[in-house]
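One structure is given here, and the rest of the page talks about it.
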Ligand SMILES: Nc1ncnc2c1ncn2[C@@H]1O[C@H](COP(=O)(O)OP(=O)(O)OP(=O)(O)O)[C@@H](O)[C@H]1O
Ligand SMILES: C[C@@](O)(CCOP(=O)(O)OP(=O)(O)O)CC(=O)O
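Residue numbers (the working numbering): 13 to 449.
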């Protein structure tokens, strides 16, 4: 890179004189309650079954991505993920997604000769996840949703969420759901070209505000077997998966949509837990088998099962909380807000946290919604619950995050380099990553 990009920052934003531009967006994770696990087309990323997820608030968990392009920059398109650079050309998925977005920009420029030829400029992309990457917490979903959203915004082609969702799918299947807020289905479709394999919003984030999420971080390292390779081995080897695709998921998708529309928590919870169980059963039925849960995950499942069986005065429902696990041991609990303090107290009793130099009590649970101050102290459940789960060794759960159902990607800024409000952009006026916090 040679030219002084700061001159571009000072230049007018008149499109005809623009020589450099940057944009920043954030995108949320989504955690499925009917799991996607299997592709019928690996190149187009078309699934073997439909799936359904809740988009979690990006105030708590998000990928933030800044994109930068300048006429004077030479060299290859590059992505810095959490500080580590990667050439876009080195990843088939990144290459495809960027090429498709560039095609959209190129078509726009072809239709209007006055537009700057941003499509011809090198891209510099900087992204950070504020939660563990590749640990079974849907970083590929928020990551590719943010990438597509920000580059589309940079290119000024971000008009249609459905188009962006389909592009995000080419980066990672589950990412197509993160372009929407609320309750989102990815309908598998049947056309070979994938044109009917699309994400659709089942209900907006405002639909069922009582439902909240607790994320129990059990392991924040990278998983051993990626979702991409794990699900392919499942498709190739698991007879149980074939049964799941043909018979179980189609029925569950309909039942889950009904449960969401009618805000029937008992049905929602049972379907969620059964589907998580079956996803991990299918992993076990894969040959060689895949194990994503660990002893802590299994103890949490048992504790939640025993808690659900413990009567709660004034509550006639069958379930108070539902667990679900992606491809890793980290737990996501979906539950009505009124049970959050009690479940936190229960988890803290059976899984005492370790206050080390790196994890203070505040970092362990930041209480972003001040739930502890809002609700009366929970009843002393450890005395009433009947459970086989012993109090565990300290440190089994590293961190607890409290989230809600939230909105889709947020476009934070677009303008000449250096024009973003303080703290918004991740990229310098020279197109390099800014120092990480
Ligand atoms: N912010 C990001 N920008 C671009 N790509 C990202 C970003 N975050 C993650 N990715 C991509 O997603 C990959 C991780 O995906 P993977 O499916 O293995 O884990 P996960 O999505 O965290 O877990 P799961 O899919 O089981 O919930 C990373 O190696 C990287 O290629
Ligand atoms: C267990 C899951 O989280 C699997 C997600 O798989 P990915 O979307 O990460 O896989 P690729 O399409 O190969 O990128 C279930 C789900 O999110 O539905």
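Glycine is no exception: its CB is placed at the ideal position from the N, C-alpha and C atoms.
CA-to-CA distance, residue 101 to residue 278, given in whole angstroms: The straight-line gap from Cα to Cα measures roughly 47 Å.
Rounded Cβ spacing between residue 78 and residue 34 (contact assumed at less than 8 Å): About 6 Å separates the Cβ atoms of residue 78 and residue 34, confirming a contact at the 8 Å cut-off.
Distance cut-off 7 Å: residue 450 Cβ against heavy atoms of ligand 2: The requested residue 450 is not part of the displayed model; the chain covers only 13 to 449.
Residue 236 Cβ short of 7 Å to ligand 1 heavy atom set: Checking the Cβ of residue 236 against ligand 1 gives no.
Closer than 7 Å: residue 61 CB and nearest ligand 1 heavy atom: Every heavy atom of ligand 1 is 7 Å or more from the Cβ of residue 61, so no.
Range of the contiguous alpha helix (DSSP H) that encloses residue 357: Note, residue 357: alpha helix (DSSP H), 352-362.
Buried versus exposed call for residue 149 [16 or more other C-beta atoms within 10 Å across all chains shown]: So residue 149 counts as buried.
N-terminal and C-terminal residue of the alpha helix (DSSP H) that residue 120 is part of: Looking at the DSSP string, the run of the alpha helix (DSSP H) that includes residue 120 is 104-123.
From 52, 94, 99 and 220, residue whose alpha carbon lies closest to that of residue 88: When each option's Cα is compared against that of residue 88, the closest is 99.
Residue 124 beta carbon near ligand 1 (any heavy atom closer than 7 Å): No, ligand 1 has no heavy atom inside 7 Å of this Cβ.
Terminal residues of the beta strand (DSSP E) in which residue 74 lies: Taken as a continuous stretch (DSSP letters only), the beta strand (DSSP E) holding residue 74 covers 74-82.
Residue burial classification, residue 97 (beta-carbon count within 10 angstroms, cutoff 16): Exposed, because fewer than 16 other Cβ atoms sit within 10 Å of the Cβ of residue 97.
Runs of alpha helix (DSSP H) lying entirely within the region 140-174, each at least 4 residues, in chain order: List check, alpha helix (DSSP H) in window: 151-166.
Residue 302 to residue 309 span [Cα, whole Å]: Within the model, the alpha-carbon separation for residue 302 versus residue 309 is close to 15 Å.
Beta-carbon contacts of residue 74 that lie in its chain and below 7 Å, excluding the five residues immediately before and after: Excluding positions up to five away in sequence, the list reads 38, 39, 40, 142 and 154.
Where the beta strand (DSSP E) through residue 98 begins and ends: Secondary structure note for residue 98: its beta strand (DSSP E) is the uninterrupted segment 96-99.
CA-to-CA distance, residue 76 to residue 431, given in whole angstroms: Straight-line Cα distance between these residues: approximately 17 Å.
Beta-carbon spacing of residue 415, residue 337 below 8 Å: No, they are not a contact pair.
Proximal residues to residue 446 (C-beta, below 8 Å), its chain only, five neighbours per side dropped: Cβ within range, chain order: 138, 437, 438, 439 and 440.
Complete beta strand (DSSP E) runs within the region 180-264 (minimum length 3 residues, chain order): Listed in chain order, the complete beta strand (DSSP E) runs (minimum 3 residues) inside the region 180-264 are 195-199, 210-215 and 223-229.
Outcome for residue 70 when other beta-carbon atoms lying within 10 angstroms are tallied against a minimum of 16: Counting the other Cβ atoms within 10 Å of the Cβ of residue 70 gives 16 or more, which makes it buried.
Inter-residue Cα distance where the pair is residue 140 and residue 152: Per the coordinates, the alpha-carbon of residue 140 lies some 12 Å from the alpha-carbon of residue 152.
Helix, strand or coil at residue 425 [DSSP, three-state]: Reduced to three states, the DSSP call for residue 425 is strand.
Option in 348, 399, 203 and 181 with minimal Cα separation from residue 361: Check the Cα spacing between residue 361 and each of 348, 399, 203 and 181: the tightest is with 399.
Nearest-angstrom Cβ-Cβ length linking residue 180 and residue 191, presumed shorter than 8 Å: About 6 Å; that satisfies the 8 Å criterion.
Range of the contiguous alpha helix (DSSP H) that encloses residue 378: Unbroken run through residue 378: none, as it is neither H nor E.
Same chain, Cβ closer than 6 Å to residue 391, neighbours up to 5 away in sequence not counted: Take residue 391, set aside five residues on each side of it, and no residue of its chain has a beta-carbon closer than 6 Å to its own.
Rounded separation between residue 375 and residue 286 - CA only: CA-to-CA, the gap between residue 375 and residue 286 works out to about 32 Å.
Test item: CB-CB of residue 157 and residue 210 under 8 Å: The Cβ-Cβ distance between residue 157 and residue 210 does not fall below 8 Å.
Residue 21 - DSSP class collapsed to helix/strand/coil: Residue placement at residue 21 is poorly supported in this model, since its pLDDT is 37, which falls under 50; the coordinates are not used for a value here.
Enclosing alpha helix (DSSP H) for residue 313 [first to last residue]: Where residue 313 is concerned, the enclosing alpha helix (DSSP H) stretches over 307-321.
Check: residue 346 C-beta below 7 Å from any heavy atom of ligand 2: No, ligand 2 has no heavy atom inside 7 Å of this Cβ.
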